[in-house]
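Protein chains in written order, with the numbering used here: chain A, 75 to 323; chain B, 3 to 358.
Built from N, CA and C at the ideal position, the CB exists for glycine as well.
1) Would you mind giving the Cβ-Cβ distance between residue 89 of chain B and residue 226 of chain B, rounded to the nearest angstrom? I have them listed as a contact below 8 Å.
2) Cα-Cα, which of B/298, B/33, B/254, B/66 is closest to residue 167 of chain A?
3) When the cut-off is 7 Å and only beta carbons count, does residue 252 of chain B lie next to chain A?
4) Do residue 304 of chain B and residue 293 of chain B count as a contact pair if the criterion is CB distance below 7 Å?
5) Please give me, in chain order, every unbroken run of the beta strand (DSSP E) with length at least 3 that falls completely inside the region 198-270 of chain A.
6) With a threshold of 16 other CB atoms inside 10 Å of the CB of residue 147 of chain A, please say whether the residue is buried or exposed.
7) Distance check for residue 130 of chain B and residue 203 of chain B, CA to CA, integer angstroms please.
8) State yes or no: is the beta carbon of residue 300 of chain B nearer than 7 Å to at least one beta carbon in chain A?
9) What is the DSSP secondary structure of residue 266 of chain B, counted as helix, strand or coil?
10) What separation, rounded to the nearest whole angstrom, lies between the Cα atoms of residue 241 of chain B and residue 230 of chain B?
11) How about the region 204-217 of chain B and the region 332-344 of chain B: do they share at least three Cβ pairs that are nearer than 8 Å?
12) What residues in the region 142-159 of chain A bring their beta carbon closer than 9 Å to a beta carbon of chain B?
13) Assuming residue 243 of chain B is part of the beta strand (DSSP E), what are its boundary residues?
14) What residues in the region 62-94 of chain B have a beta carbon less than 8 Å from any beta carbon of chain A?
15) What's the C-alpha gap between residue 26 of chain B and residue 342 of chain B?
16) Find the nearest neighbour of residue 289 of chain A within the set A/237, A/298, A/90, A/307, judged by alpha-carbon distance.
17) Give the DSSP-derived three-state secondary structure of residue 103 of chain B in the structure shown.
18) Taking the alpha carbon of residue 101 of chain A as the reference point, which residue from A/188, A/266, A/76 has its own alpha carbon closest?
19) Below 7 Å CB to CB, which residues in the same chain sit around residue 187 of chain A once its five sequence neighbours on both sides are set aside?
20) Indicate whether residue 276 of chain B and residue 134 of chain B have their beta-carbon atoms separated by less than 7 Å.
21) Does residue 27 of chain B have its Cβ less than 7 Å from a Cβ in chain A?
22) Can you name the residues of chain B whose CB is closer than 7 Å to the CB of residue 166 of chain A?
23) Starting from residue 26 of chain B, follow the beta strand (DSSP E) in both directions and report where the run begins and ends.
24) In terms of alpha-carbon separation, which member of B/61, B/29, B/30 lies closest to residue 43 of chain B?
25) Check residue 318 of chain A in the structure and name its three-state DSSP category.
26) Taking Cβ positions only, does residue 13 of chain B come closer than 7 Å to chain A?
27) Please name the residue, chosen from B/115, B/347, B/80, B/252, that lies closest to residue 178 of chain B on a Cα-to-Cα basis.
28) According to DSSP, is residue 3 of chain B part of a helix, a strand, or is it coil?
29) Should residue 93 of chain B go down as buried or exposed, given a rule of 16 or more other Cβ atoms within 10 Å for buried?
30) Could you check the C-alpha separation between residue 112 of chain A and residue 302 of chain B for me, to the nearest Å?
31) Which residues in the same chain have their Cβ closer than 6 Å to the Cβ of residue 260 of chain A, if we skip the five residues on either side of it in sequence?
32) Taking only beta-carbon atoms, is residue 318 of chain A less than 7 Å away from chain B?
33) With DSSP as the reference, please indicate the residues paired to residue 133 of chain A in a beta bridge.
34) Look at residue 308 of chain B and residue 289 of chain B and say whether their C-beta atoms are less than 7 Å apart.
35) Taking C-beta to C-beta, are residue 250 of chain B and residue 149 of chain A nearer than 7 Å?
36) Return the Cβ separation of residue 154 of chain B and residue 120 of chain B in integer angstroms, given the expectation that the two are a contact with Cβ distance under 8 Å.
Written as structure tokens, this is what we have:
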């Protein structure tokens, strides 16, 4: 099973330090890890650093991967200006680094990714004509179609309505278990993190301030200090932890 | 709980849709190739002496079956001109297509980056003052000057593009600045040059295929044949570039490196074309847009489609330049703009789907 470990990871834009000394235990496949933190905490930078798009000190250790490109990344930008159908844009993500000839297996993978996210009916639509939420689902399909062992999702639910937020996170939770995939998703909704993610890491001003199981990490004290809200966490009628925000500090 | 997003309730296989899309595009490419062949034959048939299409096809397939004079006229005089129209049309259109792709700008073309303006300035130096930028045979001073200036322009933009913090918008602005600089220099040359030289410069800037020869054709064709596979191997990456740098990067593309590489390759294509036939502005802008309307932006179809559209437009332009005023060959640049732009506007306005 794949594992990902971050060891004293740093990153900077010019002279501005964005990440400093981020160190985590090994995250194993088969689970979802939420990446939490206020705006400009360095969450997107951490993803870019893991992918190697940014240079810096420290090490990203991936062990147990079976493919050459084990990591797929869904950025916040959904990139929808090209004259391409949804089907083509997902195939395009699958084919990067491969030959120009599309194999039947590639089409099967595209079908599978679209079906997993229930957007097969969008296949023939031009990506420029989609709503923000649809674009976000297509973007998720572009990441999934690469059959990754580690999937990095930057705010995957930010443009989705509540129903689709819950559905997408449920699907991701299932896929993580079924495919033994490690999913790291930055989320602004702490309630979603509590409900759907197994572990959480919290960034503030480029530093990792907490890391562990989500229930251990997300506490009223952390919410007050990092997110500046007074909140309680109580079990709901189904026994799941539930976030109740009372006021901004 | 098995979650399901509400976007659709069933997951039909889309592979069939994609296969039919590919088949339709292959058919369009075949149709364009056929139209190109027909246009080439008509172009060869037209001139001071007109021939039937049957005679032209016979001369092409079995040259010894036609009279020596027909063979000389078709193979030695008209063929280089007609083929140059195809090669230059394809080259300019590919250059425009890739500039639009890497700069994510629908207005990008060899003109936008000042490459054509630079070439015009180089040619004008030779035409007005006999200045040769590098030692060259007399017959080649004008194209070589044009080529040198076009590449210097592209090189300047390339060097400036490598600076930290330069965005694609900055590159387009640099190109526009180049256009204005060279336009001013051209005006200066025309101010000081003789009346006869000014006429020659003006004629050159209108673009003309009539100076095409076999050696020039081989050079232009060689460059096209060299660059086309280099661009084709980046097919998936170039398509991803149209999703924006962030998205392309997330798919494993290095947008900055790819942009610089493609900029050099297409500058070379444009420079060679402009050097041999003068400035033909319409093709590099519109050829790719027509290809995009017909074939979308998957580079496996868009790249050959752009080449075919560009070649076809210039070939048809060559035909029209001979028949609009019988006995006179109107400069090709004028024809392509005058006839092509209304056609292009019709296509864009009548097309219901997004064209950019």
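According to the structure shown:
1) Here residue 89 of chain B really is in contact with residue 226 of chain B; their C-beta atoms are around 6 Å apart, less than 8 Å.
2) Residue B/254 is the option with its Cα nearest to residue 167 of chain A.
3) So yes, residue 252 of chain B belongs to the interface.
4) Going by C-beta atoms, residue 293 of chain B is nearer than 7 Å to residue 304 of chain B.
5) Those beta strand (DSSP E) runs which fall completely within the region 198-270 of chain A and span 3+ residues are 224-228, 256-260.
6) Buried, because 16 or more other Cβ atoms sit within 10 Å of the Cβ of residue 147 of chain A.
7) Roughly 7 Å separates the two Cα atoms.
8) Yes, its Cβ sits closer than 7 Å to a Cβ of chain A.
9) In the three-state reduction of the DSSP assignment, residue 266 of chain B falls in the helix class, which pools H, G and I.
10) The alpha-carbon atoms of residue 241 of chain B and residue 230 of chain B are separated by roughly 15 Å.
11) Counting Cβ pairs under 8 Å, three or more are found: they touch.
12) Within the region 142-159 of chain A, contact with chain B at the beta-carbon level (separation under 9 Å) is assigned to 143, 146, 147, 148, 149, 150, 151, 152, 153, 154, 155, 156, 157, 158, 159.
13) Unbroken run through residue 243 of chain B is the alpha helix (DSSP H), 237-243; no beta strand (DSSP E).
14) Cβ contacts with chain A: none found.
15) Inter-residue distance for residue 26 of chain B and residue 342 of chain B is about 25 Å (C-alpha atoms, whole angstroms).
16) Of the residues A/237, A/298, A/90, A/307, the one whose Cα lies closest to the Cα of residue 289 of chain A is A/307.
17) DSSP places residue 103 of chain B in helix when its eight states are reduced to three.
18) Among A/188, A/266, A/76, the Cα nearest to that of residue 101 of chain A is on A/76.
19) Counting only Cβ-Cβ distances below 7 Å, and skipping sequence neighbours, we find 164, 215, 218, 219.
20) For residue 276 of chain B and residue 134 of chain B, no; Cβs fall outside 7 Å.
21) So, not an interface residue.
22) Those are 238, 241, 242, listed as they occur along chain B.
23) Judged by DSSP secondary structure, residue 26 of chain B falls outside any beta strand (DSSP E) and instead within the alpha helix (DSSP H) spanning 17-47.
24) Comparing C-alpha distances from residue 43 of chain B to each of B/61, B/29, B/30 shows the shortest one belongs to B/61.
25) Note: residue 318 of chain A maps to strand in three-state DSSP.
26) Summary for residue 13 of chain B: the model assigns pLDDT 46, below 50, so the residue's position carries little reliability; its value from the coordinates is reported in the next sentence. Under the Cβ criterion of 7 Å, residue 13 of chain B is counted among the residues facing chain A.
27) Closest by alpha carbon: B/115.
28) A caution first: residue 3 of chain B carries a pLDDT of 47, below 50, which makes its placement in the model unreliable, though a value can still be read off. In the structure shown, residue 3 of chain B adopts coil according to DSSP, grouped into three states.
29) By the 10 Å Cβ count, residue 93 of chain B comes out buried.
30) If I take the Cα positions, the gap works out to 43 Å.
31) Same-chain partners within the cutoff: 109, 117, 228, 229.
32) At a cut-off of 7 Å between beta carbons, residue 318 of chain A makes no contact with chain B.
33) For residue 133 of chain A, which the question treats as bridged, DSSP gives the partners A/81.
34) Going by C-beta atoms, residue 308 of chain B is nearer than 7 Å to residue 289 of chain B.
35) Cβ distance not < 7 Å, so residue 250 of chain B and residue 149 of chain A don't count as in contact.
36) Rounded to whole angstroms, the Cβ separation of residue 154 of chain B and residue 120 of chain B is 6 Å, and the two are in contact under 8 Å.
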